[in-house]
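Below: the structure, in structure tokens.
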Amino acid sequence: MLSKGLSEEDLFSFLSSQKKEDIDHRYILSSMCTLPHPVAVKAHCMFMETNLGDPGLFPGTAALERLLIERFGTLLHHKEAGGYATSGGTESNIQALRLAKAIKPVTYPNVVLPESAHFSFKKACDLLSLEMRTVPTGPDHRMLANAAAEVIDKNTICLVGIAGTTEYGMIDPIEALAKIAYQHDIFLHIDAAFGGMVIPFLEKPIPFDFALPGVTTIAVDPHKMGMSTIPAGVLLTREPDMLDTLNIDTPYLTVKKEFTLAGTRTGAPVAGALAVLDYLGTDGMRAVVTGCMKNTQRLIAGMATLGIAPAATPDVNVATFACKSAPPPWKVSWTRNGDLRIVCMPHVHRDTIETFLKEFGEMHA
Ligand code: PLP
Numbered sequence: 002m003l004s005k006g007l008s009e010e011d012l013f014s015f016l017s018s019q020k021k022e023d024i025d026h027r028y029i030l031s032s033m034c035t036l037p038h039p040v041a042v043k044a045h046c047m048f049m050e051t052n053l054g055d056p057g058l059f060p061g062t063a064a065l066e067r068l069l070i071e072r073f074g075t076l077l078h079h080k081e082a083g084g085y086a087t088s089g090g091t092e093s094n095i096q097a098l099r100l101a102k103a104i105k106p107v108t109y110p111n112v113v114l115p116e117s118a119h120f121s122f123k124k125a126c127d128l129l130s131l132e133m134r135t136v137p138t139g140p141d142h143r144m145l146a147n148a149a150a151e152v153i154d155k156n157t158i159c160l161v162g163i164a165g166t167t168e169y170g171m172i173d174p175i176e177a178l179a180k181i182a183y184q185h186d187i188f189l190h191i192d193a194a195f196g197g198m199v200i201p202f203l204e205k206p207i208p209f210d211f212a213l214p215g216v217t218t219i220a221v222d223p224h225k226m227g228m229s230t231i232p233a234g235v236l237l238t239r240e241p242d243m244l245d246t247l248n249i250d251t252p253y254l255t256v257k258k259e260f261t262l263a264g265t266r267t268g269a270p271v272a273g274a275l276a277v278l279d280y281l282g283t284d285g286m287r288a289v290v291t292g293c294m295k296n297t298q299r300l301i302a303g304m305a306t307l308g309i310a311p312a313a314t315p316d317v318n319v320a321t322f323a324c325k326s327a328p329p330p331w332k333v334s335w336t337r338n339g340d341l342r343i344v345c346m347p348h349v350h351r352d353t354i355e356t357f358l359k360e361f362g363e364m365h366a
């Protein structure tokens, strides 16, 4: 630490200079996060000092968290769902597997999941000492449900399906997975961290949520397509009190038990996430998703006219291409298979897509 503090002017001049080093969102085509909606920023700033880790001190904020869970439960066809606000998909996935393990205590527990699963499952399996049974995806990049059924055994504590994969934007055959889970009486976790705020607003929504009887838990991230401030995730459970299985004693807090992973946790992004939902409503969210999907289709069509084939026909707003380079300063990303990947988030406007296509065409001319 400095022995003598900086003047406010010097301090903020330093912070501004650091912020200038960050990439301008105009060029970020690789991220599943986006610029937060202005109402999320306003709500976030109102709740900066709140701590949901000690909810008895912040009953108003704790009520917002319950409302957020209710809003998502209703959106995902189960108003009575339980759950809580996490820091994002990673924490939701860790907690879902922690819950599955607590519910089915076996000596050598395994988890069956697609090869397309997000790397957060590797972290979860490491932390919880779970064997990861990876199931291949088919040519359409969706998990092969039959292959999943084959590797399930008496030590399987959880089956995982992805609704909106990180790399190719695909929805696994959740209906088939739900049937398998239901037949085998296995915990089914759906990672809809990205797709959970897209699929319900598609022209033809694809079943992936609590409407399917086999689905046990769902992860959705408001800080992705929900345009909340970071960090905002949600873990939902079919049984309202299911997470109590994870309760540990917290003697010196205003509540005596806690099932969350974090202790201290900010209420600010919870207020931010709820603000966006209530400000936009389903009509507003549908308009946002429709725009992102149109931009995705325009990008795919535009690349085709430049002779670049799509690597997949995505269910959500993630476009991938059999292509090895993109012009600077655009920030694109690459899948494990080496395909160019662009996520058409709300900050990626139509004119951004057109400019990218023009510069891409010039580079590859
Ligand atoms: N699950 C999916 C499908 C994701 O795409 C991501 C991140 O992109 C995660 C989980 C992890 O989310 P987070 O980075 O918010 O922890």
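Start counting the sequence shown at 2; every next residue gets the next number (the numbering used here).
Heads up, the beta-carbon is just placed ideally off N, CA and C, and yes, glycines get one too.
Suppose the cutoff is 8 Å on Cβ atoms and the five residues either side in sequence are ignored; what does the same chain contact list for residue i look like?
i: residue 259; result: 54, 248, 249, 251
i: residue 62; result: 48, 51, 53, 56, 268, 271, 272
i: residue 89; result: 194, 222, 224, 231, 232, 233, 234
i: residue 293; result: 199, 226, 318, 345, 346, 347, 349
i: residue 257; result: 250, 251
Who are the Cβ neighbours of residue i in its own chain at under 7 Å, not counting the five residues just before and after it?
i: residue 353; result: 27
i: residue 229; result: 37, 41, 223, 270, 273, 274, 277
i: residue 264; result: 54
i: residue 332; result: 24, 28, 29, 30, 31
i: residue 6; result: none
i: residue 341; result: 321, 322, 324, 327, 333, 335
i: residue 69; result: 86, 235, 271, 274, 275
i: residue 107; result: 156, 158
i: residue 34; result: 224, 225, 231
i: residue 364; result: 328
Quick one: what's got a C-beta closer than 6 Å to residue i's C-beta in the same chain, skipping five residues either side?
i: residue 218; result: 97, 190, 238
i: residue 144; result: 115, 136, 138, 173
i: residue 310; result: 323
i: residue 226; result: 198, 199
i: residue 201; result: 76
i: residue 215; result: 179, 182, 183, 189
i: residue 44; result: 272, 273, 276
i: residue 125; result: 94, 95, 98
i: residue 290; result: 199, 202
i: residue 286; result: 202
Under 6 Å from any heavy atom of the ligand PLP, does the C-beta of residue i make it?
i: residue 210; result: no
i: residue 192; result: yes
i: residue 121; result: yes
i: residue 195; result: yes
i: residue 33; result: yes
i: residue 84; result: no
i: residue 372; result: Any answer about residue 372 is impossible in this case: the structure gives the chain only from 2 up to 366.
i: residue 282; result: no
i: residue 91; result: yes
i: residue 261; result: no
i: residue 167; result: yes
Please list the terminal residues of the continuous alpha helix (DSSP H) segment that includes residue i.
i: residue 59; result: Neither: residue 59 is in no alpha helix (DSSP H) and is coded neither H nor E.
i: residue 278; result: 269-306
i: residue 126; result: 121-129
i: residue 185; result: 175-185
i: residue 90; result: 90-104
i: residue 45; result: 39-47
Residue i lies in the beta strand (DSSP E); which residues open and close that run?
i: residue 146; result: No beta strand (DSSP E) contains residue 146, which is instead part of the alpha helix (DSSP H) from 146-152.
i: residue 133; result: 132-136
i: residue 85; result: 83-87
i: residue 111; result: 111-115
i: residue 345; result: No beta strand (DSSP E) contains residue 345, which DSSP labels as neither H nor E.
i: residue 236; result: 234-238
i: residue 352; result: Run containing residue 352: none in the beta strand (DSSP E); it sits in the alpha helix (DSSP H), 351-364.
i: residue 11; result: First-last for residue 11: 9-22, but that is the alpha helix (DSSP H), not the beta strand (DSSP E).
i: residue 220; result: 218-221
Tell me, to the nearest whole angstrom, how far the beta carbon of residue i is from that of residue j; I am working on the premise that it is less than 8 Å.
i: residue 156; j: residue 110; result: 6 Å
i: residue 74; j: residue 82; result: 3 Å
i: residue 158; j: residue 105; result: 5 Å
i: residue 246; j: residue 103; result: 5 Å
i: residue 209; j: residue 196; result: 7 Å
i: residue 306; j: residue 313; result: Between residue 313 and residue 306 the Cβ distance is about 18 Å, and since that is not below 8 Å, they are no contact.
i: residue 100; j: residue 244; result: 7 Å
i: residue 176; j: residue 213; result: 6 Å
i: residue 71; j: residue 80; result: 7 Å
Using a Cβ-Cβ distance cut-off of 7 Å, determine whether residue i contacts chain B.
i: residue 331; result: Reference to chain B is not applicable here, since this structure consists of a single protein chain.
| Three or more beta-carbon pairs under 8 Å between the region 186-200 and the region 144-164, yes or no? | yes
- Task: Count the CB pairs spanning the region 322-337 and the region 356-364 that are closer than 8 Å, and state whether there are at least three.
- Result: yes
- Take every Cβ of the region 122-132, pair it with every Cβ of the region 282-297, and state whether three or more of those distances are shorter than 8 Å. no
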